[in-house]
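Take a look at the structure set out below.
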Amino acid sequence: CVSTIHSFCIQQILAPYYWKLKGYESGFAILSPEDDVFQDLRDETCERFNLVGDLRDAFENISREPNGVPISERLPAAAISYFWQRQSEERYIDFANVIYFSYRLLKDFPSIAEGIACKFKRIMVDEFQDTTALQLEILREIGHFGRTEFFLVGDSYQSIYGFAGARPDLMSSFASELNADTRCFLTGNFRSSAVIVDHAE
Numbered sequence: 752c753v754s755t756i757h758s759f760c761i762q763q764i765l766a767p768y769y770w771k772l773k774g775y776e777s778g779f780a781i782l783s784p785e786d787d788v789f790q791d792l793r794d795e796t797c798e799r800f801n802l803v804g805d806l807r808d809a810f811e812n813i814s815r816e817p818n819g820v821p822i823s824e825r826l827p828a829a830a831i832s833y834f835w836q837r838q839s840e841e842r843y844i845d846f847a848n849v850i851y852f853s854y855r856l857l858k859d860f861p862s863i864a865e866g867i868a869c870k871f872k873r874i875m876v877d878e879f880q881d882t883t884a885l886q887l888e889i890l891r892e893i894g895h896f897g898r899t900e901f902f903l904v905g906d907s908y909q910s911i912y913g914f915a916g917a918r919p920d921l922m923s924s925f926a927s928e929l930n931a932d933t934r935c936f937l938t939g940n941f942r943s944s945a946v947i948v949d950h951a952e
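Note that the numbering used here has the sequence shown beginning at 752, numbered continuously upward.
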């Protein structure tokens, strides 16, 4: 199985177990920023909270802490909460809540996490420097059973998703939790010429 974290959560957690989520017992639809419904709900929220200009685009980059608190560098929490409430009323789930609801299912129903741990002996995470605290909690819930090994690849200097909650500092703390071997370094560069690499060094 090769996928993004969102696709993994939809396929392995939400699709089979959505009926355990309050308000989504009869089904759900994924809401992407390109959808007309997303844009309508965003515009409704902007009008209600008097959000103007490029704040409209900020709804595409919100996320959540493990305790459910919204993360955004620019939007007020009340506006985000309203935006999510309106989604829930229409039984939509945006990308931020794909991750959050997946975490809640694993946390509230450990048998789901155990089933995934039995299914996946190894999980590799690329670009680990752009992992959020909530995404890491999903890995923790799966790893809790000791059935799954993790292979994590990341470079804290290349983290570019801080605006969406990325925490490059989580790399070392999670590695310590796993008692991971951190002596493996990737020194090859296939994107840039030697001139650029030397200058960066």
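Think of the CB as a built atom: it goes at the ideal place given N, C-alpha and C, for glycine as much as any other residue.
- Around residue 831, the same chain offers 813, 821, 823 as residues with beta carbons nearer than 7 angstroms, after the five sequence neighbours per side are excluded.
- Here DSSP, grouped into helix, strand and coil, assigns residue 924 to helix.
- Following the DSSP letters along the chain, one finds residue 903 inside the beta strand (DSSP E) bounded by residues 900–903.
- Out of 852, 871, 793, the CA that lies nearest to the CA of residue 899 is found in 871.
- In this structure, the beta-carbon distance from residue 885 to residue 827 does not fall below 8 angstroms.
- Under DSSP, residue 845 shares a beta bridge with 782.
- Taking 8 angstroms as the cut-off, the Cβ atoms of residue 878 and residue 905 count as close.
- Annotated three-state conformation of residue 761 is helix, per DSSP.
- Under the 10 Å beta carbon count, residue 925 is surrounded by 16 or more other beta carbons and is classified as buried.
- Residue pairing by DSSP places residue 822 opposite 814 in a beta bridge.
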